[in-house]
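Q:
Protein chains in written order, with our numbering: chain C, 209 to 420; chain U, -2 to 464.
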């Protein structure tokens, strides 16, 4: 997994609550059997005026000029600022894949849906939960200062804007450690293979029907 | 100390815990479909790993499969490749339980796993699909996972997890005639919101839930995720045990009795403490219809489309305005005056035999309205379809002008050919009314099977209690 330590980047605001994973990456792109190629279809239905289908010639698509990510000032954005319950709906990991392959390194919101939040960590995309008033403040700042950038320092658990007081965020220590080191979680778990087998033996005695 | 059902399920599967509460949870049943598994199997292969316990896997193809002319195979080459990739992975990794596209037991993952008795009380059940919560109806800890986690479960039979908080949704009172489990869960989502259950595992309890069939309980648990909760669950009672008896993958004979004795302990103890409790007066509920682009945007059939001018919160008001524009609706329109173009009866929420019986009862001897372009019934599994045909339900639907299809996810998300065209309005028994969910530009209204059937006949939403 890609490591995450610190990142400084341009912020793009997506001022909607309950952004669901169908919006982040529509279902027709889930037919792919690969882990890559989702970036061009991030927010496909909002980002383009034509209906997207897998395999289409991207150069012929008609971008929606009103959509925030198509505005010239947000080109190259790597931090997405969002509203509450971001990533609700389906469990598709294609959603964090699409965000990451588009170029986002972090998403900031007052809250995230559970499965999406979890999926982000498996891919080195950092979801950051800030308080409502902090997120409101950032939306105001982004609107007021074209080219607004933030610095994210994961080891210090801080989000900072130039000239502003740094904002602390919480994260589970184990998740932080995994991200900072870019660990392969399966490899880590397999270090406990003996404990897994021991547990299975115990369950085979108490609930044999699970294993038949 | 009295324990909740969730605490019992959690602690019986947790075998390792870090200082920050992150644990390793053992997974008993792994349900697999074609959309979220190819990258996970590929990951196994790249790392030269193999499935830890291949017997735990139940696989089927459901999202991409056609619901008509199945003998001709899948026309869309990309969909076909995804299903064939599952076929190949099943072979390569020696998966034993696979209900492929042409198997008569094939169907929607969350319909076939319980139908086969492959989900049992006391199990942890995962699938790369958010509606895995459905299986919690059997007092199992069942939740959706991403593809990296699918790979993790394949390779280790475990998941890294943190314990959720517990939420009891306590429903009391008898559901009035015409009001179903679907209306109950929509009303709950309307009350607590789509993020109301975030961070929680929901237990649905109370006399209303106890009086529901297993099918009704599955409908409720299915939509726990639409309230933000990864897992929904219902305690074991006699109905749970009766449902499972004799099912192919359930224990048989003496083992069944021994298992059932244990399963009966899978209830929240009297006095168990929940982090949050929500009370629902089920006797006062009315049939529900969603009006917007989030399941929480729901009102009763007696109501009108809400008016954003009455919403004070500017972010919410804007969301309402955006939803109304997308849905092509004017504020204050009575819900029962909204015309529909298509009807979809199906999905992991409402495609079980009981759902089809209820819808058939409404349409029997009546005709689908002229303005309805397409009315689809898509059974949840091949076995549900066979049972319905045995009961003559297929004839009732077809005589009324419905199309009677083969099992799959179908128009719930339109990964196959069944979808809405831009601007089309659908009365759907599925679970998500998100923008574009049933097809780009399509407009979804979530309702119960009875309400969808009634809308098909009337050509617009109608109060099932007055039909």
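Each residue gets a CB set at the ideal place from its N, CA and C atoms; glycine is no exception.
Can you name the residues that DSSP bridges to residue 26/U?
A: BP columns for residue 26/U point to 122/U.
Q: Is it true that the CB of residue 377/U sits closer than 8 Å to the CB of residue 108/U?
A: The answer is yes: Cβ separation under 8 Å.
Q: Measure from the C-beta of residue 380/U to each C-beta in chain C and report whether the shortest distance is under 8 Å.
A: So no, residue 380/U is outside the interface.
Q: Apart from the five residues just before and just after residue 114/U, which ones in its own chain have a Cβ nearer than 7 Å to its Cβ?
A: The answer, listed in chain order, is 241, 244, 245, 246 and 247.
Q: Compare the C-beta of residue 348/C against all C-beta atoms of chain U and say whether one is closer than 8 Å.
A: Chain U, which has no Cβ nearer than 8 Å to the Cβ of residue 348/C, makes this no.
Q: With 7 Å as the limit, tell me which residues of the stretch 412 to 424 of chain U have their beta carbon closer than that to any beta carbon of chain C; keep them in chain order.
A: For the stretch 412 to 424 of chain U, which is checked against every Cβ of chain C, the residues closer than 7 Å are 412.
Q: Measure the alpha-carbon distance for residue 237/C versus residue 79/U and round it to whole angstroms.
A: Roughly 12 Å between the two C-alpha positions.
Q: So is residue 20/U buried or exposed if we call it buried at 16+ other beta carbons inside 10 Å?
A: Result: buried.
Q: Are residue 56/U and residue 87/U touching if we call contact CB-CB under 8 Å?
A: For residue 56/U and residue 87/U, yes; Cβs fall inside 8 Å.
Q: Can you tell me which of 46/U, 382/U, 220/U and 183/U puts its alpha carbon nearest to the alpha carbon of residue 198/U?
A: When only C-alpha atoms are compared, the closest one is 220/U.
Q: Kindly indicate which three-state DSSP category residue 140/U falls into: helix, strand or coil?
A: Strand.
Q: Between which residues of its own chain and residue 219/C is the CB-CB distance below 6 Å, once the five residues before and five after are set aside?
A: So the qualifying residues of the chain are 287, 289, 350, 356 and 358.
Q: Enumerate in chain order the residues of its own chain whose CB-to-CB distance from residue 230/C is below 7 Å, with the five nearest sequence positions on each side excluded.
A: Closer than 7 Å at Cβ, skipping near neighbours: 297 and 298.
Q: What first and last residue would you give for the alpha helix (DSSP H) that runs through residue 386/U?
A: Residue 386/U -> alpha helix (DSSP H) spans 379 to 387.
Q: Among 147/U, 385/U and 26/U, whose alpha-carbon lies nearest the alpha-carbon of residue 35/U?
A: Minimum Cα distance to residue 35/U is reached at 147/U.
Q: Could you check which residue in 125/U, 370/U, 76/U and 53/U has the C-alpha nearest to that of residue 91/U?
A: Closest option to residue 91/U, Cα to Cα, is 53/U.
Q: So residue 301/U and residue 332/U are supposed to be a Cβ contact under 8 Å. How far apart are they, rounded?
A: Confirmed, Cβ separation roughly 7 Å.
Q: What does a CB cutoff of less than 6 Å around residue 292/C pick up in its chain, not counting 5 residues either side in sequence?
A: Only 225, 318 and 319 meet the Cβ criterion.
Q: By alpha-carbon positions, which one of 454/U, 407/U and 444/U ends up nearest to residue 466/U?
A: Residue 466/U is absent from the model: chain U starts at -2 and stops at 464.
Q: Just list the beta strand (DSSP E) runs in the stretch 405 to 439 of chain U, keeping only unbroken ones of 3 residues or longer that don't cross its boundaries, in chain order.
A: Runs found: 422 to 425.
Q: Closest by CA to residue 288/U, which one among 39/U, 424/U and 32/U?
A: With distances taken between Cα atoms, residue 288/U lies closest to 424/U.
Q: Tell me the rounded alpha-carbon separation between residue 83/U and residue 216/C.
A: About 41 Å.
Q: Look at the Cβ atom of residue 76/U, then the Cβ atom of residue 368/U, and state whether they are nearer than 8 Å.
A: No; because the gap between Cβ atoms is not below 8 Å, this pair is not in contact.
Q: Using a Cβ-Cβ cut-off of 8 Å, state whether residue 262/C counts as contacting chain U.
A: By this cut-off, residue 262/C is an interface position.
Q: Which partner residues does residue 453/U have in the DSSP bridge list?
A: Bridge partners of residue 453/U: none, in fact.
Q: Enumerate in chain order the residues of its own chain whose CB-to-CB distance from residue 48/U is below 6 Å, with the five nearest sequence positions on each side excluded.
A: Excluding positions up to five away in sequence, the list reads 90 and 151.
Q: Can you tell me whether residue 51/U is helix, strand or coil according to DSSP?
A: Three-state result, residue 51/U: helix.
Q: Along the chain, where does the alpha helix (DSSP H) that runs through residue 350/C open and close?
A: First-last of the alpha helix (DSSP H) with residue 350/C: 340 to 352.
Q: Tell me the DSSP secondary structure of residue 340/U in three-state form.
A: In this structure, residue 340/U counts as strand in the three-state DSSP scheme.
Q: With DSSP run on the structure shown, which of helix, strand or coil describes residue 224/C?
A: If DSSP states are grouped into helix, strand and coil, residue 224/C belongs with coil.
Q: From residue 339/C to residue 333/C, what does the alpha carbon distance come to, in whole angstroms?
A: Going by the C-alpha atoms only, they are around 20 Å apart.
Q: Could you spell out where the beta strand (DSSP E) holding residue 11/U opens and where it closes?
A: Taken as a continuous stretch (DSSP letters only), the beta strand (DSSP E) holding residue 11/U covers 11 to 14.
Q: When DSSP labels each residue in this structure, what does residue 90/U get in the three-state scheme?
A: Residue 90/U: coil per DSSP, three-state reduction.
Q: Look up residue 272/U in the DSSP assignment and say whether it is helix, strand or coil.
A: It is coil, neither helix nor strand.
Q: Any beta carbon from chain C within less than 8 Å of residue 363/U's own beta carbon?
A: No, because no Cβ of chain C sits closer than 8 Å to the Cβ of residue 363/U.
Q: Please tell me whether residue 21/U has its Cβ less than 8 Å away from any Cβ of chain C.
A: Yes, because at least one Cβ of chain C sits closer than 8 Å to the Cβ of residue 21/U.
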